[in-house]
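Novice:
Residue numbers (my numbering): -16 to 621.
#1: Looking only at its chain, what residues have a beta carbon closer than 6 Å to the beta carbon of residue 114, apart from the 5 residues adjacent to it on each side?
#2: In chain order, what residues of the same chain have a beta carbon less than 8 Å from the beta carbon of residue 4, not counting five sequence neighbours either side?
#3: Which residue wins for smallest C-alpha separation from residue 86, given the options 75, 96, 69, 101?
#4: Exposed or buried, which one is residue 177 when buried takes at least 16 other CB atoms within 10 Å?
#5: Counting pairs of Cβ atoms below 8 Å between the segment 343 to 354 and the segment 545 to 553, do you hit three or more?
#6: Roughly how many whole angstroms lie between the Cα atoms of residue 50 and residue 373?
#7: Skipping 5 residues on each side, what residues in its chain have a beta carbon closer than 6 Å to that of residue 488?
#8: I need the boundaries of the beta strand (DSSP E) containing residue 533, first residue and last residue.
#9: Are there three or more Cβ pairs, one per stretch, closer than 8 Å when the segment 70 to 80 is compared with the segment 390 to 407?
#10: Starting from the Cα of residue 529, find the closest Cα among 602, 356, 587 and give me that residue.
#11: Pop quiz: residue 122 and residue 30 are said to be a contact at Cβ under 8 Å. What is the actual Cβ separation, rounded to whole angstroms?
#12: Along the beta strand (DSSP E) that carries residue 447, what are the first and last residues, could you check?
#13: Mapping the DSSP letters down to three states, classify residue 401 as helix, strand or coil.
#14: Once you ignore the five residues that flank residue 191 on each side, which residues in its own chain have a CB closer than 8 Å to its CB?
#15: Report the partner residues of residue 482 according to the DSSP bridge assignment.
#16: So, with DSSP's three-state summary, where would you put residue 502?
#17: How long is the line joining the alpha carbons of residue 311 and residue 132, rounded to whole angstroms?
#18: Taking the runs of the alpha helix (DSSP H) that are 4 residues or longer, which of them lie wholly in the segment 111 to 152?
#19: Return the residue from the list 54, 154, 422 that minimises the CA-CA distance to residue 100.
#20: Note the first and the last residue of the continuous alpha helix (DSSP H) segment covering residue 30.
#21: Can you list, in chain order, the residues of its chain whose CB lies under 6 Å from that of residue 246, leaving out five sequence neighbours each side?
#22: What does DSSP give as the partner residues of residue 246 in its beta bridges?
#23: Look up residue 179 in the DSSP assignment and say whether it is helix, strand or coil.
#24: Note down, in chain order, each residue of its chain lying with its Cβ closer than 7 Å to the Cβ of residue 490, except the 5 sequence neighbours on either side.
#25: Hey, residue 259 and residue 239: beta-carbon distance below 8 Å or not?
#26: Starting from residue 622, trace the beta strand (DSSP E) in both directions and tell me its first and last residue.
#27: Alpha carbon to alpha carbon, how far is residue 428 from residue 475? Give it in angstroms, no decimals.
#28: For a test of the three-state rule: what should DSSP assign to residue 438, helix, strand or coil?
#29: May I ask you to report which of helix, strand or coil DSSP gives residue 358?
#30: Are the segment 396 to 403 and the segment 512 to 522 touching, with three or more C-beta to C-beta distances below 8 Å?
#31: Could you tell me if residue 255 is buried or exposed, where buried requires 16 or more neighbouring beta carbons within 10 angstroms of its beta carbon?
#32: On the three-state DSSP scale, how would you describe residue 467?
#33: Reducing DSSP to helix, strand and coil, say where residue 17 ends up.
#34: Leaving out five residues before and five after residue 32 in sequence, what residues of the same chain have Cβ atoms less than 7 Å from its Cβ?
#35: Exposed or buried, residue 369, counting other C-beta atoms within 10 Å across all chains shown (16 or more means buried)?
#36: For residue 567, which beta-bridge partners are listed by DSSP?
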């Protein structure tokens, strides 16, 4: 394993990228519906009563489950993510009423904050005697992290500093409390998140102490003696009374650089690895990058659904055994796929590499975005790959972490599309957009993408510079894009000669108005799972570009498991689906088994008849009439 390059690529702030086209439509849904819906349902859940010192405390609204506590403990995180979503939506579509509602919540937090900076509504208003007594289970640092991210976003989008200043005071409190110094606590959170939040705070404020604290949390995790065991003994708790009786549940079983297998709670793992990748970038830490590469291969090579969904089990909201990927019972939490997008994006901090960006795109377009309905009003928590018609979107959840998580990702998608270094710009994701950026040498560049991606593979990029400027433009060439072509100002370029780690690197003196034309052929293809994935034996999944496709009963009312995919993929046709915002369907010839008998078991051999099936993008399923759904189709054998 080679050491990573000492290049540092950082994402663009959300306001620096204007998004239209495919992602613009999704962002409009968030602006028009989701952002306000998040606040409305937080209010209905009585979250604001918990932070408002002007009204009586609501007390325990959601019951406790032993030391595992209650989802009420992390209401602050839900409000933090909701404010982050609102911030991005305000940038896209000013909404004075929504902004005023967010400002009012921020005012409540300002009044609630203690003089030393501490801020957590549950431990101030519901159970103050539990403050800082159980880092393993009680989510105090996790909540602080999501509120910090909300504060950074609100500042970047509106220019208002109040929430940022509030959370800087809380971060200062954490800097004073945690560490190896006299009187400090050598601990870390049971649910990772504070690490990547502190990195964002350090980047926006320029305060190194926040970055150093993030690094401390990463470095200290899993060290011996284990902090969570020591904490439990100190507080008089059974050391195995929670967290599924294993330190692996929250990835504290080993120091992070010694971890080789992805285990435990899926969302926690993704947040940890995201923080590790950020610190690897900021400190040029090859030891972290090397550890992450091992974990990356472990996850994507043995434990990931074709949709980019991860964590097959509901019992621990996480990982089980290698190649254990059931379809109809798949948990594949929306937050976990969102977290995989976070991690993949941060792995690109040390330089463009297709193996990360391809998975980022796969998880984003399938496992993550499936969690939000097309109108932005309803949500999936779990994301199975097969349904008999009983799995549907819901309006809210006792643990409402997923709705604001997918909403903030969609609303901030522009920052995931590009990476900027001293003398290089990387385009990780394709989509109609305009990015305004500044290179490390101070040169200002505008990049405009013109494309109907992911429905069409033609991508045009126009370069905007004030004067001729030397820099490298690196364009991801997805592994699936066989026959991709590239031209600059109409002159073809040999991709083989300039492609490194899956990115075509065009380094030249760019002039105002230069045009780059990239074409990624979108040809339907069939994927087969490793033979060790027993649930997918004899089946194939259909993809077109980055999109996983599925059968829905509303298009195929014949019994989805009676359909056999033969050699018809090469004769498939595409069609526009008007009632799914003009998404592209795949219509293809198939075979279908027909058994005349109604008996439960029969010796009768089924007849095979020719038929046509329609497949739609997986992320859009259950947006129309409810019914069956199937990703892995049976394949006809010779």
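No residue lacks a Cβ here, since even glycine has one placed at the ideal position from N, Cα and C.
Specialist: So, from the listed chains and residues:
#1: 106
#2: 414, 415, 416, 434, 435, 436
#3: 69
#4: buried
#5: no
#6: In this predicted model, residue 50 has a pLDDT of only 49, less than 50, meaning its place in the structure is not dependable; the value taken from the coordinates is given anyway. Cα to Cα, the separation comes out at about 32 Å.
#7: 455, 457, 481
#8: 530 to 535
#9: yes
#10: 602
#11: Actually they are not in contact, since the Cβ atoms of residue 122 and residue 30 sit about 14 Å apart, beyond 8 Å.
#12: 441 to 448
#13: strand
#14: 185
#15: 487
#16: strand
#17: 34 Å
#18: 123 to 141
#19: 154
#20: 30 to 34
#21: 231, 302
#22: Answer by DSSP bridge pairing: none, since residue 246 is not bridged.
#23: helix
#24: 455
#25: yes
#26: Outside the shown range of the chain (-16 to 621) lies residue 622, about which nothing can therefore be said.
#27: 23 Å
#28: coil
#29: coil
#30: no
#31: buried
#32: coil
#33: helix
#34: 38, 41
#35: buried
#36: 559
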